[in-house]
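Here is the structure we will look at, set down as structure tokens.
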Amino acid sequence: LAKTTQPISMDSYEGQEVNITCSHNNIATNDYITWYQQFPSQGPRFIIQGYKTKVTNEVASLFIPADRKSSTLSLPRVSLSDTAVYYCLVGERNRDDKIIFGKGTRLHILP
Amino acid sequence: EPEVTQTPSHQVTQMGQEVILRCVPISNHLYFYWYRQILGQKVEFLVSFYNNEISEKSEIFDDQFSVERPDGSNFTLKIRSTKLEDSAMYFCASTGSDSYEQYFGPGTRLTVT
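Protein chains in written order, with this note's numbering: chain A, 682 to 792; chain B, 425 to 537.
Set out below in structure tokens:
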């Protein structure tokens, strides 16, 4: 599994766009990049997954440069309810594979 | 939207007692997992389960732990003799054949006194 590095914590304000960058220099050809979100006292929740370029859904966008050695999760116009821990995961897509969570990025949205 | 459910939401037990944590995965899902999160720490993988058998287990998942899918809907985690260090949030997750994302339940907070 490729090692990932992401900031331990970030602060932002309501209404701002938040970008969380994850480094994964050793990403392999078959690896995908996946982000999960965890609110306090809740289970993690899948946000978005991508392989290259850009992926967008109703929650976030994921930007992946051509070399795929990093990726950026973009949350448009955050609100207080976006305060959570965000985990960047890199690995092959296998349905019976465990998820190895790191410490993630603790995002704190201020009013 | 379908969701994974877990019961109880909070379980308090005495050291040495057996506990069973229950999960109802999403109905057409085939892959099942248990994770735990000690307060303030990372989410840790315990075990994965597919086709009525364990696919993989971590070092945490020792002989005191067992999993079972007793019927077509429930997935249980049993801790035979609880220790103080078993106190944690326990999350169940499941994945379907048409997706790669894991759907997590809300968790059971286990407190061992």
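For every residue, glycine included, the Cβ atom is placed at its ideal position computed from N, Cα and C.
| field | DSSP-derived helix/strand/coil call for Glu575(B) | value | Because chain B here runs from 425 to 537, residue 575(B) falls outside it and cannot be looked at.
| Within chain A, partners of Val467(B) - CB distance below 7 Å | Pro725 and Phe782
| request: Determine, using beta carbons only, whether Arg787(A) comes closer than 8 Å to chain B. | output: no
| request: Return the residue from the list Gly520(B), Val467(B), Arg533(B) and Ile503(B) that minimises the CA-CA distance to Pro449(B). | output: Gly520(B)
| Span separating the alpha-carbon of Ser433(B) from that of Leu445(B) | 9 Å
| task | Can you check DSSP and say which residues form a bridge with Lys532(B)? | result | For clarity, residue 532(B) is Thr in the given sequence; the question names Lys instead. DSSP output for Thr532(B) lists Tyr514(B) as bridge partner(s).
| task | Confirm the yes/no value for this check: CB of Ser433(B), any heavy atom of the ligand FAD, distance under 7 Å. | result | The ligand FAD is not part of the structure shown, which contains no ligands of any sort.
| said: Against Thr519(B), what residues of chain A qualify as contacts under a CB-to-CB distance less than 7 Å, listed in chain order? | reply: Arg776
| task | May I have the straight-line CA-CA distance separating Gly785(A) from Pro494(B), to the nearest angstrom? | result | 35 Å
| query | Can you tell me whether Lys779(A) is buried or exposed, with buried defined as 16 or more other CB within 10 angstroms of its CB? | reply | buried
| Nearest chain B C-beta to Lys735(A) closer than 8 Å, yes or no? | no
| said: Using beta carbons (cut-off 8 Å, strictly below), is Pro449(B) in contact with chain A? | reply: no
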